[in-house]
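Student:
2 protein chains.
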Amino acid sequence: MTELEKYIKNYFGATSDDLTKISSFFKPVSLKKADYFLKTGKQSDRLGFVRTGIIREFVQIDDKEITKWISTQGYFVVDLSSFIFHQPARWNIQALTECELFVIDDKNYQQIAQEIQRWTELEKLFIAKCFTVLEDRIITHLSMTAEERYHQLFNFNKELFNQVPLHYLASMLGMTPETLSRLRGKTRA
Amino acid sequence: MTELEKYIKNYFGATSDDLTKISSFFKPVSLKKADYFLKTGKQSDRLGFVRTGIIREFVQIDDKEITKWISTQGYFVVDLSSFIFHQPARWNIQALTECELFVIDDKNYQQIAQEIQRWTELEKLFIAKCFTVLEDRIITHLSMTAEERYHQLFNFNKELFNQVPLHYLASMLGMTPETLSRLRGKTRA
DNA sequence: GATTGTTCTTGACATAGATCAAGAAATTAC
DNA sequence: GTAATTTCTTGATCTATGTCAAGAACAATC
Chain F
9 MTELEKYIKN
19 YFGATSDDLT
29 KISSFFKPVS
39 LKKADYFLKT
49 GKQSDRLGFV
59 RTGIIREFVQ
69 IDDKEITKWI
79 STQGYFVVDL
89 SSFIFHQPAR
99 WNIQALTECE
109 LFVIDDKNYQ
119 QIAQEIQRWT
129 ELEKLFIAKC
139 FTVLEDRIIT
149 HLSMTAEERY
159 HQLFNFNKEL
169 FNQVPLHYLA
179 SMLGMTPETL
189 SRLRGKTRA
Chain S
9 MTELEKYIKN
19 YFGATSDDLT
29 KISSFFKPVS
39 LKKADYFLKT
49 GKQSDRLGFV
59 RTGIIREFVQ
69 IDDKEITKWI
79 STQGYFVVDL
89 SSFIFHQPAR
99 WNIQALTECE
109 LFVIDDKNYQ
119 QIAQEIQRWT
129 ELEKLFIAKC
139 FTVLEDRIIT
149 HLSMTAEERY
159 HQLFNFNKEL
169 FNQVPLHYLA
179 SMLGMTPETL
189 SRLRGKTRA
């Protein structure tokens with residue numbers, strides 16, 4: 009079972025036969041560091057799965073880049089409003105390291121639903137799960153201090169702090185790089 | 009066409025025949041002010057649609073109530089992780105005014121999918137749309153000041169500020185009631 | 001309609017976090 | 001391997017927002 013199949017199994021709970029079918033629609037794509045998987049404003053009909061590497065979703069607002077999320081192995085990367093609703097993409101998605109993705113385009117994606125009876129249902133459940141994760145993230149911002157948000161992310165994924173420039177993490181946490189640096193110093197000391 | 013049908017049509021783009029069928033599964037429910045539609049920790053298999061009134065979704069964290077959202081006419085109220093994944097509810101859902109809801113339970117909800125071929129697809133699209141709304145809300149918190157968040161909500165729904173206690177709005181905006189009061193004073197002056 | 005409890009505002013003050021600036025450390029490019 | 005660039009830290013200062021407290025306005029209750 010490939011990584012992709014393993015993750016699809018975890019996320020979607022598909023059966024073994026289906027897994028092979030599903031994953032066969034995905035094609036490997038390599039990104040070099042700093043390559044864009046997607047740029048704001050473009051139409052995107054691609055959904056990616058991160059096999060290796062680290063990739064950042066962000067948006068430019070005025071003169072600032074806001075990092076919405078950083079995806080590592082096992083995450084899907086996609087601009088949902090573009091992929092599903094055919095809107096211009098809202099996010100930039102850029103490789104922070106060399107990345108290997110499995111990518112599927114809309115046409116092949118539709119094909120999955122054709123071949124696998126329960127696919128739309130599984131999809132729904134997956135998106136619903138993602139929705140609840142975002143709900144939590146909102147609550148995080150309504151109820152926690154910068155320091156608490158930092159600790160939460162640090163506990164969730166310590167490694168990340170060694171793998172990507174910290175100012176991206178600061179942005180994703182809703183604080184300045186200076187503040188993140190000071191919070192780190194605080195626990196270190 | 010009832011309100012419920014109108015909204016389902018808007019949200020889900022269902023056909024006229026289907027609408028009647030779908031809406032027939034919903035049952036009217038009245039809530040008095042301060043009644044709970046749902047309490048944290050309970051299992052909930054109900055989905056509500058707000059026909060009239062105002063209803064608040066919140067969670068108790070330590071000694072503070074965090075208001076996640078305030079729903080008015082035309083919104084659905086539900087604890088998605090409970091409704092879909094049968095988890096204990098994460099949110100309290102409480103009427104801020106007298107409310108008339110249309111409510112459906114899980115069993116009848118399943119029934120819709122039985123009767124309407126495209127339902128799961130429509131559902132998926134609806135949840136995906138909700139997901140993108142939450143994405144925006146995250147960005148709001150990563151990129152805007154309290155003042156900007158206040159103005160955004162105010163422009164989105166001025167009426168709300170006359171309809172519900174302001175400290176709930178403050179919480180939902182991620183600020184204290186005092187700060188909200190001062191921001192209001194600022195624009196008034 | 002007096003009483004009680006909420007809600008809202010305002011002031012004084014405290015503080016978390018932002019901003020600005022500069023240097024050190026690390027990384028990348030030539 | 002030196003130069004250029006980016007990242008990270010640290011200090012000084014500023015500011016937006018929080019906290020605490022008190023009174024005013026309003027609404028709910030008996």
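Respectively, the protein sequence lines represent chains F and S.
One point on numbering: in this note's numbering, the residue at position 151 of the first sequence is 159, and numbering is uninterrupted.
One point on numbering: in this note's numbering, the residue at position 138 of the second sequence is 146, and numbering is uninterrupted.
Note that CB positions come from ideal geometry on N, CA and C, so glycine has one too.
Every value quoted in this text rests on a predicted model; they were computed, and no experiment measured them.
1) At a CB-CB cut-off below 7 Å, which residues of chain S make contact with histidine 94(F)?
2) Closer than 8 Å between beta carbons: that is the criterion. Which residues of the segment 170 to 189 of chain F meet it against chain S?
3) For aspartate 113(F), which of Ala42(F), Val85(F) and Leu161(F) has the nearest alpha-carbon?
4) Can at least three beta-carbon pairs, one atom from the segment 164 to 183 of chain S and one from the segment 60 to 76 of chain S, be found at a separation below 8 Å?
5) Counting contacts by CB-CB distance shorter than 8 Å, is valine 85(F) in contact with chain S?
6) Hey, out of Lys29(F), Arg190(F), Ser151(F) and Gly21(F), whose CA is closest to tyrosine 117(F)'s CA?
7) How far does the alpha helix (DSSP H) with aspartate 114(F) in it extend, from its first residue to its last?
8) State the start and end residues of the unbroken alpha helix (DSSP H) segment that holds serine 89(F).
9) To the nearest whole angstrom, what separates the beta carbons of valine 67(S) and leucine 109(S), a pair I think is in contact under 8 Å?
10) Could you give the DSSP three-state label for tyrosine 83(F): helix, strand or coil?
11) In the DSSP assignment, what are the bridge partners of glutamine 68(F)?
12) Would you say histidine 159(F) lies against chain S (beta-carbon separation less than 8 Å)?
13) Does methionine 9(F) pass the burial test, meaning 16 or more other C-beta atoms within 10 Å, or should it be called exposed?
14) Give every residue of the same chain whose Cβ lies closer than 6 Å to the Cβ of threonine 26(S), excluding the five residues on either side of it in the sequence, and list them in chain order.
15) Report the rounded CA-to-CA distance for tryptophan 77(S) versus alanine 136(S), giving the unit in angstroms.
16) Specify the secondary structure class of serine 38(S) as computed by DSSP and reduced to three states.
17) Where do the ends of the beta strand (DSSP E) carrying arginine 59(F) lie?
18) Does DSSP put asparagine 165(F) in a helix, a strand or coil?
19) Once the 5 residues before and after leucine 12(S) are set aside, which same chain residues still bring their CB inside 8 Å of it?
20) DSSP state of leucine 104(S), grouped into three classes?
21) For glutamine 91(S) versus leucine 55(S), is the C-beta spacing smaller than 8 Å?
22) So, tyrosine 15(F) versus phenylalanine 134(F), is the Cβ gap smaller than 8 Å?
23) Residues in the same chain with beta-carbon distance under 7 Å from histidine 149(S), minus the five sequence neighbours each way, listed in chain order, please.
24) Going by CA-CA distance only, name the one from His159(S), Asp43(S) and Ile120(S) that's closest to leucine 104(S).
25) Using a Cβ-Cβ cut-off of 6 Å (strictly less than) and excluding sequence neighbours within five positions of cysteine 107(F), which residues of its own chain qualify?
26) I want to see whether chain F comes within less than 8 Å of threonine 128(S), judged by CB atoms only; does it?
27) According to DSSP, is valine 172(F) helix, strand or coil?
28) In chain order, what residues of the same chain lie with their CB nearer than 6 Å to the CB of tryptophan 127(F), ignoring the 5 residues before and after it?
29) Beta-carbon of isoleucine 63(F) versus every beta-carbon of chain S: anything under 8 Å?
30) When the cut-off is 8 Å and only beta carbons count, does phenylalanine 57(S) lie next to chain F?
31) What span of residues does the beta strand (DSSP E) with phenylalanine 45(F) cover, start to end?
32) By how many angstroms is the C-alpha of glutamine 171(F) removed from the C-alpha of isoleucine 101(S)?
33) Where do the ends of the alpha helix (DSSP H) carrying lysine 194(S) lie?
34) DSSP has isoleucine 63(S) in a bridge; who is on the other side?
35) Over what stretch of residues does the alpha helix (DSSP H) that includes alanine 22(F) continue unbroken?
Tutor: So, to answer that:
1) Chain S residues near histidine 94(F): none, gap ~12 Å exceeds 7 Å.
2) Ser179, Met180 and Gly182
3) Val85(F)
4) yes
5) no
6) Lys29(F)
7) 114 to 123
8) 88 to 93
9) In fact, because the Cβ distance is near 20 Å, the residues do not count as touching under 8 Å.
10) coil
11) Glu73(F)
12) no
13) exposed
14) In the sequence under discussion, the amino acid at residue 26(S) is aspartate, which differs from the threonine named in the question. Closer than 6 Å at the Cβ level, and outside the excluded window around aspartate 26(S), lie Ile124.
15) 18 Å
16) strand
17) 54 to 60
18) coil
19) Ser31, Phe34, Phe57, Arg59 and Phe110
20) coil
21) In the sequence under discussion, the amino acid at residue 91(S) is phenylalanine, which differs from the glutamine named in the question. Yes, Cβ-Cβ distance for phenylalanine 91(S) and leucine 55(S) is below 8 Å.
22) no
23) Gly182
24) Asp43(S)
25) Leu39, Gly61 and Ile63
26) yes
27) coil
28) Ile120 and Ala121
29) no
30) no
31) 44 to 46
32) 41 Å
33) 185 to 196
34) Ser79(S) and Ala103(S)
35) Note, alanine 22(F): premise wrong, no alpha helix (DSSP H); not H, not E.
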